[in-house]
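Undergrad: Per my numbering, residue 35 is the first one in the sequence shown, and the count goes up by one each step.
Please read through the structure below; I'll follow up with questions.
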Amino acid sequence: MKATWAPGDTGVVFFGLDEADTPRLGRIYCNNRRGAVYYYELATAKLTKLSDDAIAAENISFSPNGKTLVWFQRPADGPHQAVLELIAIEWNGSEKSEKGNRRVVVPIVKEQRSPEEFQGLCFTQHTVKTVLEGPLKLKVPSN
């Protein structure tokens with residue numbers, strides 16, 4: 035995972051590992067390490083936590099107009115490549131963009147009610163682009 039510059043290059047948003055978690059293989063090989071999403075403001079050297087603790091976050095990015103920060107997260111206690119939820123924060127800079135205005139855009143689907151319903155967000159292996167897949171467990175009849 036890489037850090038993301040904030041609008042106007044005022045700081046950096048990144049996922050930081052929990053210091054109590056002692057990774058042997060590192061984040062690149064284990065994407066469910068415990069941590070949080072942070073904003074580091076360059077002018078003041080202030081570090082602000084934007085997420086809850088004990089999450090695993092991926093693909094932090096800003097909307098093209100710079101007004102919304104989004105990322106995918108899940109509890110850091112599950113299997114690799116587990117289902118994710120989409121989180122958004124209306125971005126006003128570090129002081130006004132803390133946890134208070136965070137919202138879940140797409141929640142984790144914990145139990146499927148029917149095969150036709152949305153299954154949740156999952157990542158596939160990627161290199162250059164992020165690809166989301168949503169398996170629906172539907173049968174397509176062939177003639």
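Beta carbons: idealized from backbone N, C-alpha and C, even for Gly.
1. Reducing DSSP to helix, strand and coil, say where P41 ends up.
2. In whole angstroms, give me the CA-to-CA distance for Q107 and N126.
3. Does the beta-carbon of L84 have 16 or more other beta-carbons within 10 angstroms, so that it is buried, or is it exposed?
4. For N66 versus G112, is the C-beta spacing smaller than 8 Å?
5. Contact defined as beta carbons within less than 8 Å: I believe A104 pairs with A122. What is the distance between those atoms, to the nearest angstrom?
6. Measuring only the C-alpha atoms, how far is G168 from V117?
7. Could you work out which residue in A88, A77, V138 and A110 is closest to T102 when comparing CA atoms only?
8. Please state the DSSP three-state secondary structure of N93.
TA: On the basis of the coordinates in this document:
1. For the purposes of this step, residue 41 is identified with residue 7 of the sequence shown, where counting begins at 1. Of the three classes helix, strand and coil, the one that applies to P41 here is helix, per DSSP.
2. Position 73 of the sequence shown, counted from the start, is the residue given in the question as residue 107. Position 92 of the sequence shown, counted from the start, is the residue given in the question as residue 126. One C-alpha to the other measures close to 21 Å.
3. Numbered from its first residue, the sequence shown carries residue 84 at position 50. By the neighbour-count rule (16 or more Cβ atoms within 10 Å), L84 is buried.
4. The count along the sequence shown starts at 1 and reaches residue 66 at position 32. The count along the sequence shown starts at 1 and reaches residue 112 at position 78. Against a cut-off of 8 Å, the Cβ pair of G112 and N66 comes out as a contact.
5. Locating residue 104 in the sequence shown gives position 70, counting from the first residue. Locating residue 122 in the sequence shown gives position 88, counting from the first residue. Correcting the residue type first, residue 104 is Val in the shown sequence and not Ala. About 5 Å separates the two Cβ atoms, so the contact holds.
6. Position 134 of the sequence shown holds residue 168. Position 83 of the sequence shown holds residue 117. Only weak support exists for where G168 lies, its pLDDT of 49 falling under 50; the value from the coordinates is given anyway. Distance between the alpha carbons of G168 and V117: 10 Å.
7. Walking along the sequence shown from the start, residue 102 turns up at place 68. Among A88, A77, V138 and A110, the Cα nearest to that of T102 is on V138.
8. By one-based count along the sequence shown, residue 93 stands at place 59. In this structure, N93 counts as strand in the three-state DSSP scheme.
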